[in-house]
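Participant:
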Amino acid sequence: MQNSAARTYTQSAVRMGVVLDPALTWEVRYSIEAGNSEGIFQAEDLVLGDFSFLRVQTNGGSGGTLNREVQDNYTLTVRATAQGGLEAFTTVFVNILDMNDLRPLFAPTSYSFVVPEGSPLGASVGRVTATDADVGSNGQFYYFFRERVKLFSVHPTSGVVTLTGQPITGQRMELEVRAVDRGIKLYGTNGVSSTAKVVLTVERVNEFSPVLSMVALVPSWLDQDPVFAVVTVEDQDEGVCGDIEWVSIVEGDPLEQFKVDRSPVGNEYKVVKTSEPVDWKKFPYGCNLTLQAKDRGTPPLFSNTQVVQVLVRKPQALQVRFDKQLYQVRLSEIAPPGTIIVEVRITPGPPNVNYSFSPFSASPYFLINPLTGVITTTTPLTSLSQDVVELEVLEQGSKLRTRVQVTIEDANGNTPTFARPAYDVSIEETMPVGTVILVVSAVDDDKGENGCITHSIAGLQALPFTIDQDSGELRTTRELDYETSSDLYMFSVRASDWGSPYRRENEVNVTVRLINVNDNRPLFERVGCRGMIEQDFPVGQNIVTMSAVDIDDLGLVKYRILSGNDLDYFNLNPDSGALALRRSLASANLKTVVFNLKVEATDGELFSEPNYVNVTVVRGGMPSRSVTCRETGVAQSLAELVLQKATVLRRPRVDEGYTDLFSANRLTPQFESFPSSIVVREDLAKGASVFQVRDVPRCDVLFMVNELHVLGSIQSRVGWYPS
């Protein structure tokens, strides 16, 4: 162990030394030959019994001491000698154990931390550090403040200083932190080995960025000291953090022709020109200057950039030009001839104006008034194949040109059309639910939403079908049964487009016929028949009739005996199901015999459940025949189905010609009378009635004004047209 006293022996887990031979009188001596340059260790012998122990101890007279921090292990080469020149060598490894002889030391011994205002409780503001050269538990220590502090605390092991209260902005505190050794002290009992000073300053935080607000000015061309913009800067921080260090032009002035001057009071700045005159001919549309502000906080914050357009007013030469370089108008394809499309003009208007279409854009569908510039239609546009027509207008005197783009809008002029005049389809009754049985779809030659079609089933009758609105696929919605429901469905499918302001519709007749399918097997009216007959029962006389019922109306039921008639005594009529004897039982040597007959009914495809007839043959003492059966109620069920079918068939069906006669929109609306010209006073109040039109009363109609340039809208139901 380091710092051990003189003549302190080393400790070893195993014995060190030489085994002595009892027959020999050896005197073994030990000496350290290498690894002991400072003479710290010496070797001596100790004989106990037949073993000479090697003992290594510290040498008090050498002047050297053990210090683990300087050297923590030694490797000694020890020689053992005996009489007759005998010798042996061994190596001894000596490890120096640590003692708590050092104290923790701060590095550095002074700390300065800044605490931002508004920091949350528990926030880390800094860390103090100390070191101890001892190892293990001897090198462990903990931190604490010399005096109790409410606003701050130091972690005992990590040295992290955290905030435990709310200090005042600007407050400065000097604290003393100490490090205490945890291990057993070698010298004295005072564990405080090092002290450090911690200075904590609560500083204001630069929280808010400056905010720019600008007002652009347009000075005159002749102003001597023009001001192009007034800039106001606001910063919500207090103190130095709220002071503005500068407002500067950061972009848009590569020639440095502008500068920002601060007003004597307040946070107002002005954008002015430098001493050099600005060549505005190089900037016919002005300059876009980007400004930004910076405050004096730590760290400094910058405002968002703001762009101001710098312009000057200068006299403009009188320039003749069209109001627009491109006129864009939309026109319905059913606009009548003479419809005003748009008016083009140049301003200021010359005294002798002359508008015309350029030779490359002349169109037989349009006409321009050479004096007013009003463009009108000359013929209906339904035959026009183009969706967009480009017209170029030329003013002959000034040679100015402009373009007119006319977009032809679809007017829903086509009615949806079905592929067939009528649809007739036959389906089997066993078709799964959801099967597409027919596609009844229509097409519409209109464009856009006017050409979009929605399919639906017309009428209010309940049908086992549904139609897809988009594709027109007709599907079944429930299971169909020929025996219990109608075998013929007649209805109409309606196709409606999405036209505006009114939609067009068309209907088509659809007939669905149900095909009967053999899906029901025969059912016996009576089952489990048991009876007795005399041995002399007559041949051919009916014993019992095994009748079966088939709900399907497709064929006759046949009967046969499956088993139990190995002796061929019985005959089952294949048509009626009557059971009788085929040959007499009188001559048979029978005392009491039981026949268990298994019979079956079939309609040719499906077979009934097997029915068993138990016939016991007895000799005398009873009536010639006695048979009992259990009724199944099949006949009553069949009667109910027949009644249900009859009820369904008695319901009135939609006549095939009904849709075409009453639902199809075959007639166009007609006016009773329509004025060719109307005189209106110029001082007529807005909303006053100008004229009214009426239709021939045949069906409901909607009124609309088929004109683009109008001063009012017509009432769609009554036909009143207000001013």
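Numbering (our numbering), first residue to last: 1 to 723. The beta carbon of each residue, even a glycine, is placed where N, CA and C say it ideally should be.
Which whole-angstrom value is the C-beta distance of residue 412 and residue 499, which I expect to be below 8 angstroms?
Facilitator: Along the sequence shown, one-based indexing puts residue 412 at 412. Along the sequence shown, one-based indexing puts residue 499 at 499. About 3 angstroms separates the two Cβ atoms, so the contact holds.
Participant: Using 8 angstroms as the threshold, is the segment 64–79 in touch with the segment 91–98, meaning 3 or more CB pairs across them?
Facilitator: Yes: the two stretches touch, three or more of their Cβ pairs being nearer than 8 angstroms.
Participant: Helix, strand or coil for residue 280 per DSSP?
Facilitator: Translated into the one-based positions of the sequence shown, residue 280 becomes position 280. Residue 280 falls in the helix class under three-state DSSP.
Participant: Please state whether DSSP places residue 203 in a helix, a strand or coil.
Facilitator: The residue labelled residue 203 in the question sits at position 203 within the sequence shown. Residue state, collapsed to three classes: strand.
Participant: Under 7 angstroms between the Cβ atoms of residue 287 and residue 271?
Facilitator: Walking along the sequence shown from the start, residue 287 turns up at place 287. Walking along the sequence shown from the start, residue 271 turns up at place 271. The answer is no: Cβ separation not under 7 angstroms.
Participant: Just how far apart, CA to CA, sit residue 321 and residue 349?
Facilitator: Taking the sequence shown and counting its residues from 1, the one referred to as residue 321 is at position 321. Taking the sequence shown and counting its residues from 1, the one referred to as residue 349 is at position 349. The alpha-carbon atoms of residue 321 and residue 349 are separated by roughly 9 angstroms.
Participant: Spatial neighbours of residue 334 within its chain, please: CB distance less than 8 angstroms, with the 5 preceding and 5 following residues excluded, ordered by chain position.
Facilitator: For the purposes of this step, residue 334 is taken as the residue at position 334 of the sequence shown. Excluding sequence neighbours, residue 334 sits near 380, 381, 382, 411, 413 and 706.
Participant: Going by CA-CA distance only, name the one from 29, 597 and 468 that's closest to residue 611.
Facilitator: Reading the sequence shown from its first residue, position 611 is the one you call residue 611. With distances taken between Cα atoms, residue 611 lies closest to 597.
Participant: Run through DSSP, which three-state label would residue 452 get?
Facilitator: By one-based count along the sequence shown, residue 452 stands at place 452. DSSP places residue 452 in coil when its eight states are reduced to three.
Participant: With a threshold of 6 angstroms on Cβ separation, who are the neighbours of residue 616 within its own chain once the five nearest residues in sequence on each side are excluded?
Facilitator: Stepping through the sequence shown from its first residue, residue 616 is reached at position 616. Around residue 616: 532 and 594.
Participant: For residue 158, which residues does DSSP report across the bridge?
Facilitator: Taking the sequence shown and counting its residues from 1, one reaches residue 158 at position 158. In DSSP, residue 158 forms no bridge with anything.
Participant: Consult DSSP for residue 189 and reduce its assignment to one of helix, strand or coil.
Facilitator: Against the sequence shown, residue 189 aligns to sequence position 189. Because residue 189 carries a pLDDT of 49, less than 50, the predicted location of this residue cannot be relied on, and the following value inherits that uncertainty. The answer is coil: DSSP assigns residue 189 none of H, G, I, E or B.
Participant: Inspect the CB distances between the segment 287–296 and the segment 225–239 and report whether three or more fall short of 8 angstroms.
Facilitator: The segment 287–296 is in contact with the segment 225–239.
Participant: Going by DSSP, what residues sit across from residue 395 in a beta bridge?
Facilitator: As a working note, residue 395 is residue 395 in the sequence shown. Paired residue(s): 355 and 400.
Participant: What's the C-alpha gap between residue 284 and residue 394?
Facilitator: The count along the sequence shown starts at 1 and reaches residue 284 at position 284. The count along the sequence shown starts at 1 and reaches residue 394 at position 394. Roughly 28 angstroms separates the two Cα atoms.
Participant: Cβ of residue 59 within 7 angstroms of Cβ of residue 35?
Facilitator: Along the sequence shown, read from residue 1 onward, the residue named residue 59 stands at position 59. Along the sequence shown, read from residue 1 onward, the residue named residue 35 stands at position 35. Cβ distance not < 7 angstroms, so residue 59 and residue 35 don't count as in contact.
Participant: Tell me which residue opens and which closes the beta strand (DSSP E) that residue 489 is part of.
Facilitator: Walking along the sequence shown from the start, residue 489 turns up at place 489. 488–497 is the span of the beta strand (DSSP E), which, as asked, contains residue 489.
Participant: So residue 102 packs on residue 50, CB below 8 angstroms; how close in whole Å?
Facilitator: Counting from 1 along the sequence shown, the entry for residue 102 is found at position 102. Counting from 1 along the sequence shown, the entry for residue 50 is found at position 50. 46 angstroms between Cβ atoms; not a contact.
Participant: Hey, residue 480 and residue 431 are a contact pair by Cβ (cut 8 angstroms); roughly how many whole angstroms apart?
Facilitator: By 1-based counting over the sequence shown, the position of residue 480 is 480. By 1-based counting over the sequence shown, the position of residue 431 is 431. Confirmed, Cβ separation roughly 7 angstroms.
Participant: Could you give the distance in angstroms between the alpha-carbon of residue 48 and the alpha-carbon of residue 178?
Facilitator: The residue given as residue 48 occupies position 48 in the sequence shown. The residue given as residue 178 occupies position 178 in the sequence shown. Computed Cα separation, rounded: 54 angstroms.
Participant: In or out: residue 525 buried (at least 16 other Cβ within 10 Å) or exposed?
Facilitator: Numbered from its first residue, the sequence shown carries residue 525 at position 525. Per the 10 Å Cβ criterion, buried.
Participant: Whole-angstrom Cβ separation of residue 491 and residue 457, contact assumed at under 8 angstroms?
Facilitator: Walking along the sequence shown from the start, residue 491 turns up at place 491. Walking along the sequence shown from the start, residue 457 turns up at place 457. Between residue 457 and residue 491 the Cβ distance is about 6 angstroms, and since that is below 8 angstroms, they are a contact.
Participant: At what residues does the beta strand (DSSP E) containing residue 244 begin and finish?
Facilitator: Residue numbering aside, residue 244 sits at position 244 when the sequence shown is read from its first letter. Run containing residue 244: 244–251, per the beta strand (DSSP E) assignment.
Participant: Cβ of residue 337 within 6 angstroms of any heavy atom in the ligand PLP?
Facilitator: You won't find the ligand PLP in this model; it holds no ligand whatsoever.
Participant: Just checking my contact of residue 512 with residue 425 at CB under 8 angstroms: how many whole Å lie between their CB atoms?
Facilitator: Here residue 512 refers to the residue found at position 512 when the sequence shown is read from its first residue. Here residue 425 refers to the residue found at position 425 when the sequence shown is read from its first residue. Contact holds; Cβ gap of about 6 angstroms.
Participant: Would you be able to state if there are at least three C-beta pairs under 8 angstroms between the segment 414–423 and the segment 365–381?
Facilitator: The segment 365–381 vs the segment 414–423: no contact.
Participant: Thinking just about the alpha-carbon of each residue, which of 625, 356, 427 and 387 is nearest to the one in residue 447?
Facilitator: One-based indexing of the sequence shown puts residue 447 at position 447. If we check each option's Cα against that of residue 447, 387 comes out closest.
Participant: For the segment 54–120, which segments carrying the beta strand (DSSP E) assignment without a break, of at least 3 residues, lie completely within its bounds, in sequence order?
Facilitator: Segments of the beta strand (DSSP E) lying fully in the segment 54–120: 73–82, 86–95 and 110–116.
Participant: If the criterion is Cβ atoms closer than 7 angstroms, does the pair residue 559 and residue 574 meet it?
Facilitator: If you number the sequence shown from 1, residue 559 lands on position 559. If you number the sequence shown from 1, residue 574 lands on position 574. Their beta carbons are under 7 angstroms apart, which means residue 559 touches residue 574 by this criterion.
Participant: Beta-carbon within less than 6 angstroms of residue 449's beta-carbon, same chain only, minus the 5 sequence neighbours each way: which residues are those?
Facilitator: One-based indexing of the sequence shown puts residue 449 at position 449. Contacts found: 498.
Participant: Let's see if you can read the secondary structure: which residues bound the beta strand (DSSP E) around residue 306?
Facilitator: Here residue 306 refers to the residue found at position 306 when the sequence shown is read from its first residue. Taken as a continuous stretch (DSSP letters only), the beta strand (DSSP E) holding residue 306 covers 306–310.
Participant: Judging by CA-CA distance, which residue of 407, 52 and 42 is the nearest neighbour of residue 22?
Facilitator: The residue given as residue 22 occupies position 22 in the sequence shown. Selected option, being the one with the closest Cα: 52.
Participant: Pull up the DSSP beta-bridge partners for residue 256, would you.
Facilitator: For this step, residue 256 is matched to residue 256 along the sequence shown. Paired residues: none, contrary to the question.
Participant: Quick check on the burial criterion: 16 or more other C-beta atoms within 10 angstroms. Buried or exposed for residue 731?
Facilitator: The question about residue 731 has no answer, for the chain in this structure spans 1 to 723.
Participant: Cβ of residue 340 within 7 angstroms of Cβ of residue 329?
Facilitator: Sequence index remark: in the sequence shown, residue 340 carries index 340 (1-based). Sequence index remark: in the sequence shown, residue 329 carries index 329 (1-based). Not in contact: residue 340 and residue 329 (Cβ atoms no closer than 7 angstroms).
Participant: Using the C-alpha atoms, what's the distance from residue 175 back to residue 127?
Facilitator: To locate residue 127, count along the sequence shown from 1; it is residue 127. To locate residue 175, count along the sequence shown from 1; it is residue 175. Distance between the alpha carbons of residue 127 and residue 175: 13 angstroms.
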